[in-house]
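What follows is a single structure, written as structure tokens, with notes after it.
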């Protein structure tokens, strides 16, 4: 198990952790064939998305905001009901294949850690498989 | 492979199976580093979500109902088209890291089995990795 | 790592790859307990869904189109902003348990590779675990 520190700077943000995860995986050696990336926070998600045009992140975060408005009427009192639902929908965990100690992502893909209730110091848990 | 029995009591319900899964994982010993939890039912989902305030479950299930109304106009005839789409969107499978024979969830997270077409006797399939 | 070739014939399409994946898994032998299926394309998703009534696929693709209209106003210029968001939401990766060299899917489930920006020649990456 490897713990990765991730710092969000905004309330809602997608952070590209591809390079950071690759740095850790290279230490695992060539017998790792996949890695699971998990968020232990109930208002963060982990998923793969296009990472060349930042507008796609803007479009996606806007859509999630349309689906779950921050000022919507929710039974949850904490004021971050939207963040919990965004995180649950996007998923807390993703597996990416690994080859030669490197994430086997496509040329247009990046691995993202999304904070829906930042800014905060967060962690991602990597499990080599 | 471990089969977990899960009983839903309502048409739509999120069941916290964290304790039940931990009971099984402790039998696997300390060489297990992650577990995959899979639903073999096409109208059930498995995912991680906040588990301290039940209102978050209410908010999420209400949102899913808004997205996929049970009485919506669907091509599928079975009357449970909404349940199939909710299950597919939320995901049939999730991986959670394991440490010292215990799910490594964050303090606000639980592992949920959601039935969108209950009440029924269901199963979850655990695969230690 | 096994590479699977998948050919989409339409702009938006769910392709049932269950049989194709089972053909590959049988070559892996009985020591495989799960398989990860990953899309290296930022406009494709991989997930489990009902596979007996094709109307469920129609309903789901229509819903995704309602959520992310192809002619919506997006910051992304490429003209396929909807495809990126659909793929990200549905997920690029899924794990399915394996028993006796066969996907352990339920009787109503299939494994789907969805292209949201076809028709194209695509690949899925299988990682036996």
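Chains as they are written, first to last, in the numbering used here: chain F, 1 to 129; chain L, 1 to 129; chain S, 1 to 129. Beta carbons are placed, not taken as given, at the ideal position from N, Cα and C, and that holds for glycine. It should be emphasised that the depicted structure is a prediction, and the values quoted were computed from it without experimental measurement.
Answer with buried or exposed for residue i, where buried requires no fewer than 16 other C-beta atoms within 10 angstroms of its C-beta.
i             : result
residue 122/F : buried
residue 72/L  : exposed
residue 51/S  : buried
residue 23/S  : exposed
residue 36/L  : buried
residue 3/S   : exposed
residue 100/L : exposed
residue 110/S : buried
residue 19/F  : exposed
residue 124/L : buried
residue 81/L  : buried
residue 74/L  : buried
residue 118/F : buried
residue 77/S  : exposed
Any heavy atom of the ligand NAD closer than 6 angstroms to the beta-carbon of residue i?
i            : result
residue 72/F : With respect to the ligand NAD, the structure shown offers nothing to examine, as it has no ligands at all.
Which residue marks the beginning of the beta strand (DSSP E) containing residue i, and which one marks its end?
i             : result
residue 14/F  : 13-16
residue 7/F   : 2-7
residue 122/L : 121-128
residue 37/F  : 34-38
residue 95/F  : 93-99
residue 68/L  : Careful: residue 68/L lies outside any beta strand (DSSP E) and carries neither H nor E.
residue 45/S  : 44-50
Name the two residues that bound the continuous alpha helix (DSSP H) containing residue i.
i             : result
residue 81/F  : 81-90
residue 112/L : That residue, residue 112/L, is in no alpha helix (DSSP H); its beta strand (DSSP E) goes 109-115.
In chain S, which residues lie with their C-beta within 9 angstroms of the C-beta of residue i?
i             : result
residue 128/F : In chain order: nothing, as chain S lies at least about 11 angstroms away.
So which residues of chain S does residue i contact, with C-beta pairs closer than 7 angstroms?
i             : result
residue 26/F  : Near residue 26/F there are no residues of chain S at all, since even the closest Cβ is about 18 angstroms away, more than 7 angstroms.
residue 125/L : 97, 104
residue 116/L : Within chain S, no residue comes near residue 116/L; the closest Cβ sits about 12 angstroms away, beyond 7 angstroms.
Using DSSP's beta-bridge definition, name the partner residues of residue i.
i             : result
residue 28/F  : None; residue 28/F has no bridge partner.
residue 103/F : 98/F
Using the beta-carbon of each residue, which ones in chain F are nearer than 9 angstroms to residue i?
i            : result
residue 88/S : 47, 48, 49, 50, 56, 60, 90, 112
residue 14/S : By Cβ distance, chain F contributes nothing, its closest Cβ being about 19 angstroms from residue 14/S, past 9 angstroms.
residue 72/L : Going along chain F, no residue has its Cβ under 9 angstroms from residue 72/L, so there is no contact; the nearest lies around 17 angstroms.
Along chain L, in chain order, which residues have C-beta atoms closer than 8 angstroms to that of residue i?
i             : result
residue 103/S : None at all; the shortest Cβ gap to chain L is about 10 angstroms.
Starting from residue i, find everything on chain S with Cβ-Cβ shorter than 8 angstroms and list it in chain order.
i            : result
residue 93/L : 48, 94, 95, 96
residue 53/F : 76, 77, 78
residue 65/L : Per Cβ cutoff of 8 angstroms: no residues; residue 65/L is ~13 angstroms from chain S at best.
Identify the contact partners of residue i in chain L, using a Cβ-Cβ distance below 7 angstroms as the criterion.
i            : result
residue 81/F : 56, 59
Under 8 angstroms between beta-carbons, which chain F residues line up against residue i? List them in chain order, please.
i            : result
residue 20/L : The contacting residues do not exist; residue 20/L stays about 19 angstroms from chain F at best.
Next on the checklist: Against chain B, which members of the region 29-51 of chain F pass a CB distance test of less than 7 angstroms?
Outcome noted: The chain labelled as chain B is not found among the protein chains of the depicted structure, namely F, L and S.
Checklist entry - Is the region 83-93 of chain L touching the region 49-65 of chain S, taking contact as three or more C-beta pairs under 8 angstroms? => result Yes: the two stretches touch, three or more of their Cβ pairs being nearer than 8 angstroms.
Item to check | Any 3 or more C-beta pairs closer than 8 angstroms across the region 15-30 of chain L and the region 32-45 of chain F | outcome: Contact between the region 15-30 of chain L and the region 32-45 of chain F is absent, because fewer than three Cβ pairs lie under 8 angstroms.
Next on the checklist: Can you confirm whether the region 89-97 of chain L touches the region 37-56 of chain L when touching is taken to mean that 3 or more C-beta pairs between the two stretches lie within less than 8 angstroms?
Outcome noted: Counting C-beta pairs closer than 8 angstroms gives three or more between the region 37-56 of chain L and the region 89-97 of chain L, which meets the contact rule.
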